[in-house]
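Participant: Just add 138 to wherever you are in the sequence shown, counting from 1, and you've got my numbering.
Virtual Cβ for every residue (Gly too), placed ideally from N, Cα, C.
Predicted, not measured: the structure shown is a model, and the values here were computed from it.
Structure incoming, see below.
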Amino acid sequence: MQLKDRVAIVTGAARGIGRAIALELARRGAAVVVNYHTSEAAAHEVVEHIRAQGGRALAHKADVSRMDEANGLVKAALDAFGKLDILVNNAGITRDTLLMTMSEEDWDAVIAADLKSVFNCCKAAVRPMIRARYGRIINISSVVGLAGQGGQTNYAAAKAGIIGFSKSLAKELGSRNITVNVVAPGFIPTALTDVLSEEQKQAVLKATPLGRFGTPEEVAYAVAFFASDEAAFITGAVLTVDGGLVMH
Ligand SMILES: NC(=O)c1ccc[n+]([C@@H]2O[C@H](COP(=O)([O-])OP(=O)(O)OC[C@H]3O[C@@H](n4cnc5c(N)ncnc54)[C@H](OP(=O)(O)O)[C@@H]3O)[C@@H](O)[C@H]2O)c1
139 MQLKDRVAIV TGAARGIGRA IALELARRGA AVVVNYHTSE AAAHEVVEHI
189 RAQGGRALAH KADVSRMDEA NGLVKAALDA FGKLDILVNN AGITRDTLLM
239 TMSEEDWDAV IAADLKSVFN CCKAAVRPMI RARYGRIINI SSVVGLAGQG
289 GQTNYAAAKA GIIGFSKSLA KELGSRNITV NVVAPGFIPT ALTDVLSEEQ
339 KQAVLKATPL GRFGTPEEVA YAVAFFASDE AAFITGAVLT VDGGLVMH
């Protein structure tokens, strides 16, 4: 499953799951635009890591919840590498609290960073992909978008929204040889999950048939598969990478 000569954008690629995705796509030969919002030094470290392995990469700062910055991100890929084959919408945040105590700001921030960002980046990316008659869009949802989770109404709405959005876009773009798929991770220890209590983590572990948490790399392998030529006949799919936590 080589990605030689492919050009990819990975949003939120300076750390966590996005970092693992950027490294895996680069390992398979893709040139990677490493998007970051606040983690500048970490993004440059990812780029240096890829270059040290002989790959091509550049870091690009963009708040993907903003349409103008998403447009700038796609333009950066086109300017540097001449095309865009693969878009991975990975950027995301949480603002967990019960609905009773959730502020409008908590709701808006999560919907903007997790869902509107996907709209923004897809909208910016589809024009060059349609022109090229080739594209692989992979959106990172969550098992929470499938099963729900108390304390995460904002996050679950955004992540479920990504699934409906991706299936709809897959129908729109199928005739243009552009696939749109979703990877829905279970519990993967990163900065995002650090906020959970030990009790919450143990409850997830107990409900996971494989009896362990996942790794960012295990999510990255699924993304790399959807990005590959071998996945050419798969679109509108939702692949859980969760140790069996949510079987749907
Ligand atoms: N970890 C899990 O268990 C888990 C489970 C299911 C789904 N997911 C999903 O996987 C994705 C990655 O999560 P993670 O666990 O790797 O979290 P993380 O370590 O907290 O990383 C989040 C990334 O998103 C970026 N980001 C946030 N808002 C952004 C914005 N407005 N514009 C650009 N980038 C932005 C951050 O960039 P900066 O650092 O540069 O600000 C960071 O690189 C998220 O979509 C998350 O919902 C994670």
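Should Tyr174 be listed as close to ligand 1, given that the test is whether its C-beta is under 7 angstroms from any heavy atom?
Facilitator: It does: the Cβ of Tyr174 is within 7 angstroms (strictly closer) of some heavy atom of ligand 1.
Participant: So if DSSP puts Gly286 in a beta bridge, which residue, or which two residues, is it bridged to?
Facilitator: According to DSSP, Gly286 bridges with nothing at all.
Participant: At a cut-off of 7 angstroms, is Val202 close to ligand 1 when judged by its beta-carbon and the heavy atoms of the ligand?
Facilitator: True, at least one ligand heavy atom lies under 7 angstroms from that Cβ.
Participant: Go ahead and label Pro266 buried or exposed: buried means 16 or more other beta carbons lie within 10 angstroms of its beta carbon, across all protein chains shown.
Facilitator: Its Cβ being crowded by 16 or more others within 10 Å, Pro266 is buried.
Participant: Taking 8 angstroms as the limit between beta carbons, can you name the residues of its chain near Asp410, skipping five residues before and five after?
Facilitator: Since the first and last residues shown for the chain are 139 and 386, residue 410 lies out of range.
Participant: Since Thr149 and Val226 should fall inside the 8 angstroms C-beta cutoff, what is the C-beta to C-beta distance between them, to a whole number of angstroms?
Facilitator: Thr149 to Val226, Cβ: 7 angstroms. Contact.
Participant: Please determine, among Lys344, Ile268, Ser366 and Ala181, the residue with the shortest C-alpha to C-alpha distance to Lys199.
Facilitator: Minimum Cα distance to Lys199 is reached at Ala181.
Participant: Which ranges does the beta strand (DSSP E) cover as unbroken runs of at least 3 residues, wholly within the region 217-295, from first to last along the chain?
Facilitator: Counting only runs of 3 or more, we get 224-227 and 273-278.
Participant: For a test of the three-state rule: what should DSSP assign to Asn319, helix, strand or coil?
Facilitator: In the structure shown, Asn319 sits in a strand (DSSP, three-state: E or B).
Participant: Taking all protein chains shown into account, decide if Glu162 is buried (16 or more other Cβ within 10 angstroms of its Cβ) or exposed.
Facilitator: By the neighbour-count rule (16 or more Cβ atoms within 10 Å), Glu162 is buried.
Participant: For Phe219, which option in Val172, Leu236 and Ile301 has the closest C-alpha, if you only look at C-alpha atoms?
Facilitator: The candidate whose alpha carbon is nearest that of Phe219 is Val172.
Participant: What residue does the alpha helix (DSSP H) around Lys339 start on, and which one ends it?
Facilitator: Counting along the chain, the alpha helix (DSSP H) containing Lys339 begins and ends at Glu336 to Ala345.
Participant: To which residues of the same chain is Phe386 closer than 6 angstroms at the C-beta, ignoring the five residues directly before and after it?
Facilitator: Note on identity: in this sequence residue 386 is His, with Phe being the wrong assignment. Counting only Cβ-Cβ distances below 6 angstroms, and skipping sequence neighbours, we find Leu284.
Participant: Using the three-state DSSP reduction, which class does His386 fall into: helix, strand or coil?
Facilitator: Here His386 sits in coil by DSSP.
Participant: For Lys142, I'd like the list of residues in its chain whose CB is within less than 7 angstroms of its CB, leaving aside the five on either flank, ordered along the chain.
Facilitator: Excluding sequence neighbours, Lys142 sits near Gly167.
Participant: CB of Arg153 to nearest heavy atom of ligand 1: below 7 angstroms?
Facilitator: True, at least one ligand heavy atom lies under 7 angstroms from that Cβ.
Participant: Could you tell me whether the region 271-284 touches the region 294-304, using the rule of 3 or more Cβ pairs below 8 angstroms?
Facilitator: The answer is yes - the region 294-304 touches the region 271-284, with three or more Cβ pairs under 8 angstroms.
Participant: Can you check which of these residues, Glu356, Val379 and Asp246, is closest to Thr291 by C-alpha distance?
Facilitator: Per the Cα distances, Asp246.
Participant: In its own chain, which residues sit with a C-beta less than 8 angstroms from the C-beta of Glu356, not counting the 5 before and 5 after it?
Facilitator: Closer than 8 angstroms at the Cβ level, and outside the excluded window around Glu356, lie Ile326 and Val379.
Participant: Excluding five sequence neighbours on each side, which residues of the same chain lie with their C-beta closer than 8 angstroms to the C-beta of Val333?
Facilitator: Excluding positions up to five away in sequence, the list reads Thr232 and Asp234.
Participant: Tell me the DSSP secondary structure of Ala362 in three-state form.
Facilitator: Helix.
Participant: Does DSSP put Leu211 in a helix, a strand or coil?
Facilitator: Note: Leu211 maps to helix in three-state DSSP.
Participant: Can you tell me the Cα-Cα spacing of Leu236 and Val361, whole angstroms?
Facilitator: Approximately 31 angstroms between the Cα atoms of the pair.
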